[in-house]
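Every number in the working numbering is 13 more than the matching position in the sequence shown, counting from 1. To start, the structure under review is shown below, and the notes come after it.
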Amino acid sequence: MKNLLSAETSPYLIQHQDNPVHWQPWSSETLALAKKEGKPILLSVGYAACHWCHVMAHESFENEETAALMNDLFINIKVDREERPDIDQIYQSALALLGEQGGWPLTMFLNSNGEPFWGGTYFPPENSYGRPGFKNVLQTVSDIFKNEPEKVTSNRDALKKALKSLNDTKEGERPKLTLEVLERIAARYAEEADPVHGGIGSAPKFPQTYVLENIWRSYLRTGNTALSEVVIKALTGMSQGGIYDHLGGGYARYSTDAEWLAPHFEKMLYDNAQILDLLLTVHHETKSELFRDRIHETVGWLLREMVTEEGGFAATIDADSEGVEGQFYTWSKAEIDDILGEHAPHFNEVYGILADGNWENTNIINRLKYPDRLDEQSEMSLAPWRQQLFEHREGRIRPGLDDKVLTDWNGLIIATLARAGQYFDEVHWLEAAERAFVAITTHSMEQNGRLFHSYRLGRALHTGLLDDYANMARAALTLFEVTGKAFYLERAEQWVDILNTHFWDQNGGGYFYTADDAEALIIRSKNAHDNAVPAGNGTILEVLAKLHLLTGAREPFEKATNLLRCFSIELARNFFPLATLLNNFETLVNARQVIIIGERSNPEVIDLLNILKDYSLPSKVVNILADTENLPFDHPAKGKKKLDGKPTAYLCTGPTCSAPANNVAAFAAILKETTQYGPT
14 MKNLLSAETS
24 PYLIQHQDNP
34 VHWQPWSSET
44 LALAKKEGKP
54 ILLSVGYAAC
64 HWCHVMAHES
74 FENEETAALM
84 NDLFINIKVD
94 REERPDIDQI
104 YQSALALLGE
114 QGGWPLTMFL
124 NSNGEPFWGG
134 TYFPPENSYG
144 RPGFKNVLQT
154 VSDIFKNEPE
164 KVTSNRDALK
174 KALKSLNDTK
184 EGERPKLTLE
194 VLERIAARYA
204 EEADPVHGGI
214 GSAPKFPQTY
224 VLENIWRSYL
234 RTGNTALSEV
244 VIKALTGMSQ
254 GGIYDHLGGG
264 YARYSTDAEW
274 LAPHFEKMLY
284 DNAQILDLLL
294 TVHHETKSEL
304 FRDRIHETVG
314 WLLREMVTEE
324 GGFAATIDAD
334 SEGVEGQFYT
344 WSKAEIDDIL
354 GEHAPHFNEV
364 YGILADGNWE
374 NTNIINRLKY
384 PDRLDEQSEM
394 SLAPWRQQLF
404 EHREGRIRPG
414 LDDKVLTDWN
424 GLIIATLARA
434 GQYFDEVHWL
444 EAAERAFVAI
454 TTHSMEQNGR
464 LFHSYRLGRA
474 LHTGLLDDYA
484 NMARAALTLF
494 EVTGKAFYLE
504 RAEQWVDILN
514 THFWDQNGGG
524 YFYTADDAEA
534 LIIRSKNAHD
544 NAVPAGNGTI
554 LEVLAKLHLL
564 TGAREPFEKA
574 TNLLRCFSIE
584 LARNFFPLAT
594 LLNNFETLVN
604 ARQVIIIGER
614 SNPEVIDLLN
624 ILKDYSLPSK
634 VVNILADTEN
644 LPFDHPAKGK
654 KKLDGKPTAY
664 LCTGPTCSAP
674 ANNVAAFAAI
684 LKETTQYGPT
């Protein structure tokens, strides 16, 4: 047997192609090999930008003695969690059922059917950190597998039963979800906010943008400014802390401390898409110059460093370079003094640079000491100094780029870029979003509309997942609202049809994570829990709601209500991971439909659209029509006319519409009146 990872396209798997471990890719052939040899499977799941994955690789997988033990006792499978989130999701759930904290690297032990019986995450090479050494773990697990099969069987059966129960959405009390319930949930989320540094919870601190969006939406409905302050404080902490790259733009995955100072330095496409989206939503109201700057800087980084040759967006940038975490991003004070000369003292004061370092004897550039903007002249003076340091940094050895194009993550950034491009009148942002959409539909889609999950080196791999269809359908609808191009709407409808055919649970409702004709794993997952990315069942609720509102079709509405009914039982169990589902419930029941009768290119229509930039309306749906005759009979805008022959706007909520507005002042007055705190 030998290491087979050199034939893979995943940069993470290729990173391990020279390990002395006989790594195998996940496949039915590999499972059959385990059965033939009577060995348990060691499943190792990680991703290219993961710092602790690198640590375990250097300590254990590159060690000849450890590798020999692994090869002798196990069939060893390496999986890229970004390429196979369906596999990762199952075994992360199994680890949680064992009472362990999840994360990466994920280390699970399976039988030859792929059924888990024990696992963990990072293991040090020897006993330390309060964790058993990896070589000890290998020997112990192998001994139990050989000599105490009843223990393995007992664990396997318990985990398998528990995994199946996670899909159970049939039994139990189903609370009625209303806007009032949303307010109580948002208040409970807000109780978890850090009042000092901002953000949800304590160290390690993740952006949790879907929770912050839930709090922001509640503020918009109620006018409770304490809720808006929670969101603004969190975004300010992220945007001024070391989690933000103040020289090159872009946010790291999370902060290891409560202050947002010290990240694990990997940059993930999905995090930046979600943070940008929330910054944009909040900027509609606050007009914060800080948030505006961070949006422009981060989009600048995305377009500069993350666009692939095909026009899609790459997945991640590594945390490590030269084998050291954060090496590319951190500075000594002496280095900055030498580069900036007489300007260094002021820069060092503003950006928290210390002689002994502010983190592990080096410095992370941050603005935590001066989170508020200085006067305009001072802020402008800092820009050329940042540019000098940026240019110097460009000469360093760069962290690795994982340039595989993931369909679901691209859907997230396409929607955000389209919204941001329209809002800031940045045409090239919108063009980048459209190019990425073309890249996905050209390279990661079959003729019949079926999506693949991953694309790299000319190969599209792995059957599309719920998140791929949900995020790309959402992106298509966003592009339709922004551009008016009908094929985007048609594509979204096609993808929803595929979901309904291949993913819908005919017995319990809701969408499975995998298609009915995808590779059969030990369980077909179905949930609405947000994780690193928004839950597909939460995202598709927004898609279904918008399809119903934009087209008048009844089936999307019925699917949406069935989906809510399916997952409402989770509200009684634990609503904390359901933020995306809860956010998009508001879109279903309390959308602000903006109907503009006129031609999209008409300057008066554009003026009416531009008024929307002054209102934070996360549940708005925009439809520009030549007339309303083709709307279904029960649409509230059916039969509405232009006023005095001029382009005319209506704001519809539920079954009623506002008075017509054919000028900017009248439309602004309607928006101000009808969006003033509380549902209509």
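Idealized CB from N, CA, C, for every residue including glycine.
In the DSSP assignment, P98 falls within the alpha helix (DSSP H) that extends over P98 to L110.
Contact between F450 and W398 is absent: CB atoms are separated by about 38 Å, not below the 8 Å threshold. In terms of Cβ geometry, W39 and H29 do not form a close pair [threshold 8 Å].
In the structure shown, E404 falls within a helical segment according to DSSP collapsed to helix, strand and coil. Our two residues, V194 and N540, have alpha carbons roughly 21 Å apart in a direct line. Under DSSP, the beta-bridge partners assigned to I610 are L638 and T661. The alpha carbon of S581 has as its nearest neighbour, out of N615, E571, L44 and L595, the alpha carbon of L595.
Under the 10 Å beta carbon count, L367 is surrounded by fewer than 16 other beta carbons and is classified as exposed. With respect to the C-alpha of H64, the residue from I54, Y25, K91 and P98 having the closest C-alpha is Y25. Between the stretch 309-317 and the stretch 276-291 there are three or more C-beta pairs closer than 8 Å, enough to call the two in contact.
Our two residues, K173 and E322, have alpha carbons roughly 43 Å apart in a direct line.
In this structure, the beta-carbon distance from L56 to M83 does not fall below 8 Å. By the beta-carbon neighbour count (other beta carbons within 10 angstroms, threshold 16), L470 is exposed. Excluding sequence positions up to five before and after G336, its CB lies less than 7 Å from no other CB in the same chain.
Under the three-state reduction of DSSP output, G365 falls in the coil class, being neither helix nor strand. Look at N84 here: in three-state DSSP terms it is helix. With distances taken between CA atoms, N544 lies nearest to Y223 out of V209, Y223 and R472. Taking 8 Å as the cut-off, the beta carbon of L402 is found closer than this to the beta carbon of L260.
In the three-state scheme derived from DSSP, where H, G and I count as helix and E and B as strand, W273 is classed as coil. Listed in chain order, the non-local C-beta contacts of W442 below 7 Å within the same chain comprise V312, L430, A433 and G434, local neighbours out to five positions each way being set aside. With a threshold of 16 other beta carbon atoms within 10 Å, N371 meets it and is buried.
Taking the CA atoms as reference points, H210 sits about 45 Å from N675. Residue range L282 to T299 is occupied by the alpha helix (DSSP H) that includes H297. Counting only residues of its own chain and dropping the five nearest sequence neighbours on each side, A533 has no CB closer than 7 Å to any other CB. F465 sits buried, since 16 or more C-beta atoms from the chains shown fall within 10 Å of its C-beta. Around the Cβ of E599, a 10 Å sphere holds 16 or more other Cβ atoms; the residue is buried. Boundaries of the alpha helix (DSSP H) around G313: E302 to E318. The straight-line gap separating the alpha-carbon atoms of K48 and G522 is approximately 35 Å. The three-state secondary structure of M69, taken from DSSP, is helix. Counting only runs of 4+ residues, the alpha helix (DSSP H) found wholly inside the stretch 23-79 occupies 24-28, 41-50 and 64-69, in chain order. In the DSSP assignment, S467 falls within the beta strand (DSSP E) that extends over F465 to R469. For M121, the secondary structure class from DSSP, reduced to helix, strand or coil, is strand. Between D181 and N484, the alpha-carbon positions lie close to 25 Å from each other. If you compare the alpha carbons of F219, K300, I378 and A327 with that of F341, the shortest gap goes to I378. Excluding the 5 residues flanking it on each side, T454 has same chain C-beta neighbours closer than 8 Å at R504, in chain order. Short of 8 Å from the beta carbon of V418, and not among the five residues preceding or following it, lie these beta carbons of its own chain, in chain order: T321, E323, G325, F326, A327, A328, A452, I453, H456, S457, S467, Y468 and R469.
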